[in-house]
Amino acid sequence: QVQVVESGGGLVQAGGSLTLSCAASGRTSSINVIGWYRQAPGKTRDWVADINSGSSANYADSVKGRFTISRDNAKNTVYLQMNSLKLEDTAVYYCKASHYNRYSVGYWGQGTQVTVSA
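Number 119 marks the last residue of the sequence shown (this note's numbering); no jumps.
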(Lines of atoms letter the chains of each structure in order from A and count residues from 1; the text may use other names and numbers.)
(Lines give C-alpha, C1' and ligand atoms only; values in the text may rest on other atoms or scores of the structure.)
Protein backbone atom coordinates (compact mmCIF):
# COMPACT_ATOMS: atom_id res chain seq x y z
CA GLN A 1 0.00 0.00 0.00
CA VAL A 2 0.95 3.61 -0.54
CA GLN A 3 -0.03 6.52 1.68
CA VAL A 4 -0.19 10.06 0.36
CA VAL A 5 -0.33 13.24 2.45
CA GLU A 6 -0.72 16.75 1.08
CA SER A 7 0.30 19.92 2.86
CA GLY A 8 0.94 23.58 2.21
CA GLY A 9 -2.50 24.88 1.45
CA GLY A 10 -3.78 28.15 2.81
CA LEU A 11 -5.15 31.57 2.07
CA VAL A 12 -3.33 33.78 -0.40
CA GLN A 13 -4.15 36.96 -2.26
CA ALA A 14 -4.63 36.98 -5.99
CA GLY A 15 -1.29 37.27 -7.71
CA GLY A 16 0.49 35.57 -4.85
CA SER A 17 2.30 32.27 -4.61
CA LEU A 18 1.96 29.06 -2.68
CA THR A 19 3.80 25.75 -2.67
CA LEU A 20 2.04 22.47 -2.03
CA SER A 21 3.79 19.28 -0.97
CA CYS A 22 2.76 15.69 -1.51
CA ALA A 23 4.60 13.11 0.56
CA ALA A 24 4.27 9.45 -0.35
CA SER A 25 5.14 6.57 1.94
CA GLY A 26 4.84 2.80 1.94
CA ARG A 27 5.54 0.80 -1.20
CA THR A 28 6.65 3.82 -3.21
CA SER A 29 9.21 2.01 -5.35
CA SER A 30 6.45 0.93 -7.72
CA ILE A 31 5.00 4.42 -8.12
CA ASN A 32 5.62 5.98 -11.53
CA VAL A 33 3.40 9.04 -11.75
CA ILE A 34 2.36 11.49 -9.06
CA GLY A 35 -0.18 14.09 -9.98
CA TRP A 36 -2.09 17.02 -8.61
CA TYR A 37 -5.82 17.47 -9.04
CA ARG A 38 -8.22 20.07 -7.76
CA GLN A 39 -11.89 20.29 -6.99
CA ALA A 40 -13.77 23.54 -6.55
CA PRO A 41 -17.15 23.58 -4.77
CA GLY A 42 -19.86 22.12 -6.97
CA LYS A 43 -17.41 21.11 -9.68
CA THR A 44 -15.67 17.95 -10.79
CA ARG A 45 -12.18 16.98 -9.72
CA ASP A 46 -9.84 18.12 -12.49
CA TRP A 47 -6.32 17.15 -13.33
CA VAL A 48 -3.78 19.95 -12.82
CA ALA A 49 -0.32 18.52 -13.41
CA ASP A 50 1.71 15.37 -13.05
CA ILE A 51 5.28 14.17 -13.11
CA ASN A 52 6.71 10.74 -13.75
CA SER A 53 9.69 8.94 -12.24
CA GLY A 54 11.90 10.43 -14.93
CA SER A 55 10.74 13.94 -13.94
CA SER A 56 8.83 14.49 -17.15
CA ALA A 57 6.04 16.92 -16.32
CA ASN A 58 2.67 17.73 -17.86
CA TYR A 59 0.30 20.59 -17.14
CA ALA A 60 -3.29 21.51 -17.75
CA ASP A 61 -3.67 24.51 -20.03
CA SER A 62 -5.27 26.49 -17.22
CA VAL A 63 -2.09 26.43 -15.14
CA LYS A 64 0.64 26.19 -17.76
CA GLY A 65 3.22 28.91 -17.25
CA ARG A 66 2.04 29.61 -13.70
CA PHE A 67 2.45 26.30 -11.88
CA THR A 68 5.56 24.15 -11.68
CA ILE A 69 5.61 20.55 -10.51
CA SER A 70 8.81 18.98 -9.25
CA ARG A 71 9.87 15.78 -7.59
CA ASP A 72 12.40 14.85 -4.92
CA ASN A 73 12.76 11.10 -5.27
CA ALA A 74 14.99 10.84 -2.20
CA LYS A 75 12.21 12.29 -0.08
CA ASN A 76 9.36 10.66 -2.03
CA THR A 77 7.85 14.10 -2.25
CA VAL A 78 6.30 16.04 -5.10
CA TYR A 79 5.88 19.79 -4.99
CA LEU A 80 3.52 22.11 -6.79
CA GLN A 81 4.79 25.67 -6.97
CA MET A 82 1.86 27.93 -7.77
CA ASN A 83 2.54 31.49 -8.93
CA SER A 84 0.29 34.28 -10.16
CA LEU A 85 -2.64 32.71 -8.39
CA LYS A 86 -6.13 33.61 -9.57
CA LEU A 87 -9.48 33.51 -7.85
CA GLU A 88 -10.42 30.53 -10.00
CA ASP A 89 -7.53 28.53 -8.56
CA THR A 90 -9.48 28.26 -5.31
CA ALA A 91 -10.15 24.57 -4.67
CA VAL A 92 -9.20 21.57 -2.63
CA TYR A 93 -6.00 20.21 -4.11
CA TYR A 94 -5.47 16.47 -4.10
CA CYS A 95 -2.42 14.37 -4.80
CA LYS A 96 -2.60 10.99 -6.49
CA ALA A 97 0.17 8.43 -6.75
CA SER A 98 -0.18 5.91 -9.57
CA HIS A 99 1.78 2.86 -10.59
CA TYR A 100 1.40 3.48 -14.34
CA ASN A 101 -0.02 6.77 -15.56
CA ARG A 102 -2.57 9.41 -14.61
CA TYR A 103 -5.41 7.28 -15.99
CA SER A 104 -4.64 4.26 -13.84
CA VAL A 105 -6.03 3.55 -10.41
CA GLY A 106 -3.98 5.27 -7.74
CA TYR A 107 -3.69 6.33 -4.14
CA TRP A 108 -5.29 9.61 -3.10
CA GLY A 109 -4.52 11.95 -0.27
CA GLN A 110 -7.07 13.79 1.84
CA GLY A 111 -6.55 17.08 0.07
CA THR A 112 -5.44 20.54 1.11
CA GLN A 113 -7.50 23.71 0.74
CA VAL A 114 -6.20 26.58 -1.35
CA THR A 115 -8.18 29.79 -1.17
CA VAL A 116 -7.29 32.78 -3.33
CA SER A 117 -8.81 36.07 -2.23
CA ALA A 118 -9.26 39.30 -4.13
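Backbone N, C-alpha and C define an ideal beta-carbon position, used for all residues, glycine too.
Just so we're clear, the structure is a prediction, and the values are computed from it rather than from any experiment.
- Using the Cα positions of G16 and G107, report the straight-line distance between them to the nearest angstrom. A direct Cα-to-Cα measurement between G16 and G107 gives close to 32 Å.
- Task: Use the C-beta contact count for Y94: other C-beta atoms within 10 angstroms, 16 or more gives buried, fewer gives exposed.
- Result: Label assigned to Y94: buried.
- Which residues share a DSSP beta bridge with I70? Answer by DSSP bridge pairing, in chain order: L81.
- Message: Which same chain residues end up closer than 7 Å to A121 when comparing Cβ atoms and leaving out the 5 residues on each side of it in sequence?
- Response: With the chain running from 2 to 119 in the structure shown, residue 121 is simply not present.
- Return the chain-ordered list of same chain residues with a C-beta closer than 8 Å to the C-beta of T20, the five sequence neighbours on each side being excluded. Closer than 8 Å at Cβ, skipping near neighbours: G9, Y80, L81, Q82 and M83.
- Message: Which residue wins for smallest C-alpha separation from V130, given the options T45, R39, G27 and Q14?
- Response: Within the shown structure, residues of the chain are numbered from 2 to 119, placing residue 130 beyond reach of any answer.
- DSSP state of S54 mapped onto helix, strand, coil: Three-state result, S54: coil.
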